[in-house]
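Asker:
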Amino acid sequence: MTSLPMQEKKEDVIQLEHTDQVELSRNHEDDLVATKVKLDQGHADIYYEALERYPNDSMINIDDEKKLKRKLDRRILPLLGICYFFYYVDKTTLSYAAIFGIKTDLKLHGTQYSWLSSIFYFGWLAWAIPSNLIMQRSPPAYYLAGNIFMWGTLLMLQAVSKNFATIAVLRILSGAAEAIADPAFMLITSMYYTRAEQPSRISFWYAFNGVGVAGGGLIGYGIGQINGALASWRYEFIIVGAFCATWAIALGLFLPNSPATFRGFTHEEKLLMIARMRRNQTGVENRRIKWHQIREAATDYKTYMYLFLGMICNIPNGGISNFSTLVIAGLGFDKLHTALLGIPQGVLVVIWIASGAFLNERLPKNSRTLVSAIFMIPTIAGGLGFLLAPSNAYVGRLICFYLTGSYQASFVIFLSVLTSNTAGQSKKMIVSGVIWQYHLTFFYLTKQAPKYKLGIGSLLAANIIELSMFFIFRFVFIYENKKKKKYLENMINSNGHENQEEFDPNTTAFADLTDKENPYFEYVY
Numbered sequence: 166m167t168s169l170p171m172q173e174k175k176e177d178v179i180q181l182e183h184t185d186q187v188e189l190s191r192n193h194e195d196d197l198v199a200t201k202v203k204l205d206q207g208h209a210d211i212y213y214e215a216l217e218r219y220p221n222d223s224m225i226n227i228d229d230e231k232k233l234k235r236k237l238d239r240r241i242l243p244l245l246g247i248c249y250f251f252y253y254v255d256k257t258t259l260s261y262a263a264i265f266g267i268k269t270d271l272k273l274h275g276t277q278y279s280w281l282s283s284i285f286y287f288g289w290l291a292w293a294i295p296s297n298l299i300m301q302r303s304p305p306a307y308y309l310a311g312n313i314f315m316w317g318t319l320l321m322l323q324a325v326s327k328n329f330a331t332i333a334v335l336r337i338l339s340g341a342a343e344a345i346a347d348p349a350f351m352l353i354t355s356m357y358y359t360r361a362e363q364p365s366r367i368s369f370w371y372a373f374n375g376v377g378v379a380g381g382g383l384i385g386y387g388i389g390q391i392n393g394a395l396a397s398w399r400y401e402f403i404i405v406g407a408f409c410a411t412w413a414i415a416l417g418l419f420l421p422n423s424p425a426t427f428r429g430f431t432h433e434e435k436l437l438m439i440a441r442m443r444r445n446q447t448g449v450e451n452r453r454i455k456w457h458q459i460r461e462a463a464t465d466y467k468t469y470m471y472l473f474l475g476m477i478c479n480i481p482n483g484g485i486s487n488f489s490t491l492v493i494a495g496l497g498f499d500k501l502h503t504a505l506l507g508i509p510q511g512v513l514v515v516i517w518i519a520s521g522a523f524l525n526e527r528l529p530k531n532s533r534t535l536v537s538a539i540f541m542i543p544t545i546a547g548g549l550g551f552l553l554a555p556s557n558a559y560v561g562r563l564i565c566f567y568l569t570g571s572y573q574a575s576f577v578i579f580l581s582v583l584t585s586n587t588a589g590q591s592k593k594m595i596v597s598g599v600i601w602q603y604h605l606t607f608f609y610l611t612k613q614a615p616k617y618k619l620g621i622g623s624l625l626a627a628n629i630i631e632l633s634m635f636f637i638f639r640f641v642f643i644y645e646n647k648k649k650k651k652y653l654e655n656m657i658n659s660n661g662h663e664n665q666e667e668f669d670p671n672t673t674a675f676a677d678l679t680d681k682e683n684p685y686f687e688y689v690y
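Letter by letter, the sequence shown follows residues 166 to 690 of this note's numbering.
(1) Answer with buried or exposed for E450, where buried requires no fewer than 16 other C-beta atoms within 10 angstroms of its C-beta.
(2) Answer yes or no: do W280 and A333 have a C-beta to C-beta separation smaller than 9 Å?
(3) Tell me which residue opens and which closes the alpha helix (DSSP H) that R235 is part of.
(4) Can you give the Cα-Cα distance for G417 and Y307, rounded to whole angstroms?
(5) Examine the Cβ distances between the region 539-552 and the region 568-586 and report whether three or more of them are shorter than 8 Å.
(6) Report the CB separation of P305 from N422 in whole angstroms; it is logged as a contact under 8 Å.
(7) Closest to S520 by CA distance: which of G507, M541, A504, L501 is it?
(8) How long is the line joining the alpha carbons of I211 and A588, rounded to whole angstroms?
(9) Measure how close the beta-carbons of A676 and L352 come, nearest whole angstrom, since I'm counting them as under 8 Å.
(10) Got a sec? Which residues, its chain only, sit under 7 Å from F251 by beta carbon, not counting five neighbours each side?
(11) For the alpha helix (DSSP H) holding H274, just list the boundary residues, first then last.
(12) Enumerate in chain order the residues of its own chain whose CB-to-CB distance from Q390 is below 8 Å, with the five nearest sequence positions on each side excluded.
(13) Tell me which residues share the same chain as V714 and place their Cβ nearer than 7 Å to its Cβ, disregarding the 5 neighbours each side in the sequence.
(14) Taking the continuous alpha helix (DSSP H) assigned at D270, which residues delimit it?
(15) Can the beta-carbon of Y690 be found closer than 9 Å to that of V596?
(16) Going along the chain, which residues of its own chain have a beta-carbon closer than 6 Å to the beta-carbon of G406, five neighbours each way excluded?
(17) Going by the CB atoms, is the gap between A538 and F635 shorter than 9 Å?
(18) Can you tell me which of K256, R533, D222, I621 puts its alpha carbon nearest to the alpha carbon of S365?
(19) Can we say the region 334-342 touches the region 282-293, given the rule of at least three CB pairs closer than 8 Å?
(20) Taking the straight line between their C-alpha atoms, what separation do you get for A425 and M438?
(21) Expressed to the nearest angstrom, what Euclidean distance is found between the alpha-carbon atoms of Y469 and G475?
(22) Write down the C-beta distance between T359 and M442 rounded to the nearest angstrom, noting that I regard them as a contact closer than 8 Å.
(23) What is the C-beta distance between N628 and Y572, in whole angstroms, given that I count them as a contact (C-beta under 8 Å)?
(24) Residues in its own chain within less than 7 Å of R302 by CB, not counting five upstream and five downstream?
(25) With 16 other CB atoms within 10 Å as the buried threshold, where does L395 fall?
(26) For S223, report the span of its alpha helix (DSSP H) as first-last.
(27) Beta carbon of G507, beta carbon of G382: below 9 Å?
(28) For T214, count neighbouring C-beta atoms within 10 Å of its own C-beta (all shown protein chains included) and say buried if the count is 16 or more, exposed if not.
(29) Of all the options L624, E682, L632, which has the alpha carbon lying nearest to the alpha carbon of E645?
(30) Can you tell me whether Q602 is helix, strand or coil according to DSSP?
(31) Just confirm the distance between the C-beta atoms of R218 and A546, as a whole number of angstroms; I'd bet it's less than 8 Å.
(32) Our contact map puts E401 next to T258 with C-beta atoms below 8 Å; I'd like the distance itself, whole angstroms only.
(33) Could you give the residue range of the alpha helix (DSSP H) that holds Y358?
(34) Would you kindly check if the distance between the Cβ of G385 and the Cβ of V254 is under 9 Å?
(35) From what residue to what residue does the alpha helix (DSSP H) around N210 run?
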C-alpha cells in the first residue's frame, strides 16, 4: 500500500521547544533559551528525547517525515480499514438474515425485527463511556482486539438462537463489545497523525464501510446459498463472526499500542513520530484517568452539541445499515439482484468519502464544516426523490436511494473535527464516545414496506438538521478562537513583554491539557 495520494494541507503549527535542564537553540543563532517542558505522557523518557532531538519543526527533515508517513500508512491504515469492513458486514448480517428466513424461523412478528436492530445499540449505549475509560487505562490496540474477538464470538452464538429473547440478549452483548470500535479507531488515528492529516486518514478507513456495503452483499448472498444442515441465515452469523474473531488476532499482533513501542520502527523513526505530533497540542497517550477532565467534558456545552449531532447523524446511519437490503428488495428485486445492487451502493459510498477528503485537502484551512455541509445536499435530494417518486419508478427511486449515501462523507470529515478539537486524554475518551451514542431504527416499520415513508422521512429530517448543525459548529469554533485570542492578549499585556516567554505555547503540547485549559489551543473548523 502506498501513502494516500494527497498533499497535506498545512494547519497553523504551534511549535514546541524543549530543554529538560538543557539549553537548546531556538533560531539556529547564538542566543540560547532554556525552557522547561511540562510533560504528562506515558513513556516520558522517549518524549523528552524526541523533543531534545527535534526542538522545533524546522529541525524535521521534510523527506524523512514523508517517508515516515508512508510507512505509518502502510502499517496502520490497512489494519483499521479491513477491520471496518468486517465491522460493517457484521452490522448488515441481520439485514441479509432477514431475506434468508430469520423472521420465519424465529417467528418474529410486528416490530420485533426492528427491535433486534435497535436493541443492539442498547448495549452500545450502556457500555460506550465505561469502555472508553477502560481503554484509556489499557493498551488501546490490545483492548480493541479483545473486544473485536468478543463481538465475533457473540455473532457466531447468534446462529444458535431459537427465539426472539435469545437473539435479543446476544445482540445487546454484541453492541457492548462493538461500542469501543469507532472511538478506538479515532484515538489511534489521533496518536500517529497530525490534525492536518487526520481527515484523509479517517476517510481511508471509514471508506471500507462502502467496501463492506459492496462486498457484504455478495458475501451475504453467497452464504445464503449454502444448503447445509442449518438454515442459511445461521451460516451468515457463523462465517462472518469467525472472520471477525480471526481478524481480531491480527490486530492484536500488528496494531501499535504506543509510538514508543511500535514494532518495526527504528528508534530514530520513533523520535520523529513523537516530535511531529507536538503541533497537535492534544497529547498522545496518558493512562491515568483525570476526573477533572471528565467533569470538564460533562460541563462543556460542545460535548452536548457532539451528542446531539451524533444522535441526528446516526438516525440515517442505523436505518440504512440494517434496512438497506429490505428497501432495495421492496423495489421489486429478487434476492440475487438485491445483493448485486448493494455493489454500486457501496462503490458510491467510497466515491463520496474519497471526494470529501479530496475536496477538503484542496480547499483553504478551516473548510471542514463547509465540506461537510456540501455533501449533505445530494443525500437530502435523494431522500426527497425517494419519497416523492411514483411507486412504479423503480430505477429512479433506486438512484435516489443511492444518493442518500453522500451524508457519510459529511460525517467522516466532521469526525476529524472532533478528533482535532478535543484535547486531554480523559476528555477525549468521553467526547469520542458520546458522538456514537444513538442509533435509532424504529422509524422503519414493516407495514410501510416497500416505501418506508417514516424511515426515509426520518432520514430526510435528520439530514436537514445535520446540515444546519455544521454551520452552528463553525460559528462556535470561530467564537471560541476569538475568546482564546483575547485571553492571550490580555495575559501578555498584564505580564509585560519581557515575560512573554512564560506563556510559550511550546511548553503545553504534551502536558495532557484539555482544549479549554490550553490557552494556545486553536480550534479547527
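We treat Cβ as the ideally placed atom computed from N, Cα and C, and that holds for glycine. Computed from a predicted structure; not experimentally measured.
Answerer: Looking at the atomic coordinates:
(1) Position 285 of the sequence shown, counting from 1, holds the residue named residue 450. By the 10 Å Cβ count, E450 comes out buried.
(2) Taking the first residue of the sequence shown as position 1, residue 280 is located at position 115. Taking the first residue of the sequence shown as position 1, residue 333 is located at position 168. Their beta carbons are under 9 Å apart, which means W280 touches A333 by this criterion.
(3) For this step, residue 235 is matched to residue 70 along the sequence shown. 227-264 is the span of the alpha helix (DSSP H), which, as asked, contains R235.
(4) As a position in the sequence shown, residue 417 is number 252, starting the count at 1. As a position in the sequence shown, residue 307 is number 142, starting the count at 1. Spanning the two alpha carbons is a distance of roughly 5 Å.
(5) yes
(6) Within the sequence shown, the letter at position 140 stands for residue 305. Within the sequence shown, the letter at position 257 stands for residue 422. Correct: roughly 6 Å between the Cβ atoms.
(7) Working through the sequence shown from its first residue, we reach residue 520 at position 355. Looking at the Cα atoms, M541 is the closest of the given residues.
(8) Within the sequence shown, numbered from 1, the residue matching residue 211 stands at position 46. Within the sequence shown, numbered from 1, the residue matching residue 588 stands at position 423. Approximately 21 Å, taken between the alpha carbons.
(9) Here residue 676 is taken as the residue at index 511 of the sequence shown, counted from 1. Here residue 352 is taken as the residue at index 187 of the sequence shown, counted from 1. So it is not a contact: roughly 18 Å between Cβ atoms.
(10) As a first step, residue 251 must be located in the sequence shown, where it is residue number 86. Excluding positions up to five away in sequence, the list reads F408, C409, W412.
(11) Position 109 of the sequence shown, counting from 1, holds the residue named residue 274. Here H274 belongs to no alpha helix (DSSP H), and DSSP marks it neither H nor E.
(12) For this step, residue 390 is matched to residue 225 along the sequence shown. Answer for Q390: S397, listed in chain order.
(13) This structure cannot speak to residue 714, because the chain is shown only from 166 to 690.
(14) Locating residue 270 in the sequence shown gives position 105, counting from the first residue. Where D270 is concerned, the enclosing alpha helix (DSSP H) stretches over 267-270.
(15) For the purposes of this step, residue 690 is identified with residue 525 of the sequence shown, where counting begins at 1. For the purposes of this step, residue 596 is identified with residue 431 of the sequence shown, where counting begins at 1. Cβ atoms of Y690 and V596: not closer than 9 Å.
(16) As a first step, residue 406 is located in the sequence shown; it is residue number 241 there, counting from the start. Excluding sequence neighbours, G406 sits near G317, L320, M321.
(17) In the sequence shown, counting from the first residue as 1, residue 635 sits at position 470. In the sequence shown, counting from the first residue as 1, residue 538 sits at position 373. Yes, these two residues count as a Cβ contact at 9 Å.
(18) Taking the sequence shown and counting its residues from 1, the one referred to as residue 365 is at position 200. Of the candidates K256, R533, D222, I621, the one whose C-alpha sits nearest the C-alpha of S365 is R533.
(19) yes
(20) Here residue 425 refers to the residue found at position 260 when the sequence shown is read from its first residue. Here residue 438 refers to the residue found at position 273 when the sequence shown is read from its first residue. A425 and M438: Cα-Cα distance of roughly 9 Å.
(21) By 1-based counting over the sequence shown, the position of residue 469 is 304. By 1-based counting over the sequence shown, the position of residue 475 is 310. Y469 and G475: Cα-Cα distance of roughly 10 Å.
(22) For the purposes of this step, residue 359 is identified with residue 194 of the sequence shown, where counting begins at 1. For the purposes of this step, residue 442 is identified with residue 277 of the sequence shown, where counting begins at 1. Correct: roughly 7 Å between the Cβ atoms.
(23) The residue labelled residue 628 in the question sits at position 463 within the sequence shown. The residue labelled residue 572 in the question sits at position 407 within the sequence shown. Confirmed, Cβ separation roughly 6 Å.
(24) Here the question's residue 302 lines up with position 137 in the sequence shown. Contacts found: R452, I454.
(25) Position 230 of the sequence shown, counting from 1, holds the residue named residue 395. So L395 counts as exposed.
(26) Along the sequence shown, one-based indexing puts residue 223 at 58. Careful: S223 lies outside any alpha helix (DSSP H) and carries neither H nor E.
(27) For the purposes of this step, residue 507 is taken as residue 342 along the sequence shown, with counting starting at 1. For the purposes of this step, residue 382 is taken as residue 217 along the sequence shown, with counting starting at 1. It is a contact, given that the beta carbons lie within the stated cut-off.
(28) By 1-based counting over the sequence shown, the position of residue 214 is 49. In the sequence on display, residue 214 carries Glu and not Thr. With 16 or more Cβ atoms within 10 Å of its Cβ, E214 is classed as buried.
(29) On the sequence shown, position 480 is the one that residue 645 refers to. Cα-wise, what sits closest to E645 is E682.
(30) Residue 602 sits at position 437 when you count from the first residue of the sequence shown. Residue state, collapsed to three classes: coil.
(31) The sequence position of residue 218 within the sequence shown is 53, counting from 1. The sequence position of residue 546 within the sequence shown is 381, counting from 1. About 53 Å separates the two Cβ atoms, so there is no contact after all.
(32) Looking up residue 401 in the sequence shown gives position 236. Looking up residue 258 in the sequence shown gives position 93. With a Cβ gap of about 5 Å, E401 and T258 count as contacting.
(33) Taking the first residue of the sequence shown as 1, we reach residue 358 at position 193. Careful: Y358 lies outside any alpha helix (DSSP H) and carries neither H nor E.
(34) Residue 254 sits at position 89 when you count from the first residue of the sequence shown. Residue 385 sits at position 220 when you count from the first residue of the sequence shown. Result yes, Cβ atoms of V254 and G385 sit closer than 9 Å.
(35) Stepping through the sequence shown from its first residue, residue 210 is reached at position 45. Here residue 210 is Asp; the residue named in the question, Asn, does not match the sequence. Run containing D210: 209-218, per the alpha helix (DSSP H) assignment.
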